[in-house]
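**Q**
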Amino acid sequence: MSFERFVYGVLAIHRISPIHKFKLILETTLQYDCSHLVVWITAAILKGVQHLDLRIGNHPKALPSSILDCQTLTVLKIYTFGYDLSVPGIVCLPNLRTLKLHCIRFLDGDSVKRFFGGCSQLKELALFFCRFTTDHVRVSGTELRKLSITSCRGHVVIDAPNLASLTYVCSPSSTDMGVKNLRSLLSIELWPILMSKPPQVLSDIIKGANNARELILLHSAAKGLIEKNDMEHELHSDVAFPLFSSNVKTVEVRQFRGHKLELLLLKYLLENARVLQKLILIKDGTTEMKRELQVSEELLLLPKASTYCTIELKEP
1 MSFERFVYGV
11 LAIHRISPIH
21 KFKLILETTL
31 QYDCSHLVVW
41 ITAAILKGVQ
51 HLDLRIGNHP
61 KALPSSILDC
71 QTLTVLKIYT
81 FGYDLSVPGI
91 VCLPNLRTLK
101 LHCIRFLDGD
111 SVKRFFGGCS
121 QLKELALFFC
131 RFTTDHVRVS
141 GTELRKLSIT
151 SCRGHVVIDA
161 PNLASLTYVC
171 SPSSTDMGVK
181 NLRSLLSIEL
191 WPILMSKPPQ
201 VLSDIIKGAN
211 NARELILLHS
221 AAKGLIEKND
231 MEHELHSDVA
241 FPLFSSNVKT
251 VEVRQFRGHK
261 LELLLLKYLL
271 ENARVLQKLI
281 LIKDGTTEMK
291 RELQVSEELL
301 LLPKASTYCT
311 IELKEP
């Protein structure tokens, strides 16, 4: 039995009953007739699908326009190897709560406005390797609580006054991002990948998120924060990052190597973080044992503003 006949058979079984969740994964090495794919996805939409997960690889023509006007969708995930999205008309996704897009290129600013403007109830947004062809794109929403941006291109301004969780992964090919209204942020995760000089936005995020309780950094982000803010000369001031002195309770540094600038940031953190409860350092796996012991001793000798803080050095 061919794959196409199998899918039609499954849909035939649900001819009357609704489909709550529809997930389609296409083999990347095979070619499919896109007309079949459009029929399958459209059938799921007509049957009131709520959770739509499409991993269509290099078959972007498989996406029917009816996706942008599906009243029942609450979760939409689209993974492609490159899809040019132009939105000529109105987008109406009134019940969409979770949106995850991979390798989507928005062709113009109006398409961005229409697309995200039609997702008024969006609570979770994840963008992976997406591209915005116009500058200063604004994504806003009072309902947005969780945001993840990974190696996207184009200057995007996120204006979400109730955002609670932010994950930002940037790389040399990424362009900068702006984030406003960070007072509600509780969790921050910053990952500059393969970057000798992390962007200024990392420092801006931490400075603006005074109420954050959890902070996760890649080791290069820790080094970058020291360099960007000249903290080698201001280690006894809590001006640089107010959240360290007031609210943050957990800090995690991944791929920790025990470099000088990393230790300077930890020294600053421990001296100013009055409510810090846990400092977690996940090693990168390449540091020699002798250096690990030396770093451990240095950390234990650092003065701490918090009497409840514990330091954990973990294997990767």
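For the sequence shown, UniProt numbering assigns the number 1 to the initial residue and increments by one for each residue that follows. All C-beta atoms, glycine included, are put in the ideal place defined by N, C-alpha and C. Predicted, not measured: the structure shown is a model, and the values here were computed from it.
With respect to the beta strand (DSSP E) encompassing residue 103, which residues constitute its N-terminal and C-terminal limits?
**A** 98–106
**Q** Need the endpoints of the alpha helix (DSSP H) that residue 115 sits in, please.
**A** 109–117
**Q** Name the residue from 152, 180, 167, 153 whose alpha carbon lies nearest to the alpha carbon of residue 160.
**A** The shortest Cα separation from residue 160 among 152, 180, 167, 153 belongs to 180.
**Q** Would residue 114 and residue 131 qualify as a contact pair, given that the criterion is a beta-carbon distance under 8 Å?
**A** no
**Q** Please classify residue 288: is it buried, with 16 or more other beta-carbons within 10 angstroms of its beta-carbon, or exposed?
**A** exposed
**Q** Can you name the residues that DSSP bridges to residue 159?
**A** Residue pairing by DSSP places residue 159 opposite 140, 180 in a beta bridge.
**Q** For residue 268, which of helix, strand or coil comes out of DSSP?
**A** helix
**Q** With DSSP run on the structure shown, which of helix, strand or coil describes residue 167?
**A** strand
**Q** Alpha carbons only, please: which of 100, 138, 101 is nearest the one belonging to residue 108?
**A** 138
**Q** Let me know if residue 6 comes out buried or exposed under the rule of 16 or more other beta-carbons within 10 Å of its beta-carbon.
**A** exposed
**Q** Look up residue 27 in the DSSP assignment and say whether it is helix, strand or coil.
**A** Under the three-state reduction of DSSP output, residue 27 falls in the coil class, being neither helix nor strand.
**Q** Under the three-state reduction of DSSP, which class applies to residue 284: helix, strand or coil?
**A** coil
**Q** Using a Cβ-Cβ cut-off of 7 Å (strictly less than) and excluding sequence neighbours within five positions of residue 3, which residues of its own chain qualify?
**A** none
**Q** According to DSSP, simplified to helix, strand and coil, what is residue 22?
**A** strand
**Q** What separation, rounded to the nearest whole angstrom, lies between the Cα atoms of residue 153 and residue 193?
**A** 14 Å
**Q** Given this structure, state the Cα-to-Cα distance separating residue 265 from residue 259, to the nearest angstrom.
**A** Distance between the alpha carbons of residue 265 and residue 259 is about 10 Å.
**Q** Rounding to the nearest angstrom, what Cα-Cα distance links residue 163 and residue 202 in this structure?
**A** Whole-angstrom Cα-Cα distance: 16 Å.
**Q** Give the DSSP bridge partners of residue 147, in chain order.
**A** 125, 166
**Q** With DSSP as the reference, please indicate the residues paired to residue 187 in a beta bridge.
**A** 165, 214
**Q** What would DSSP say about residue 76, mapped onto helix, strand or coil?
**A** Strand at residue 76.
**Q** Determine which residues share a DSSP beta bridge with residue 131 and list them.
**A** 105, 153
**Q** Tell me which same chain residues have a C-beta within less than 8 Å of the C-beta of residue 236, skipping the five on either side of it?
**A** Legend: pLDDT at residue 236 = 43, less than 50; position of this residue unreliable, no value from coordinates given.
**Q** Since residue 55 sits in a beta bridge, which residues does DSSP pair it with?
**A** 25, 79.
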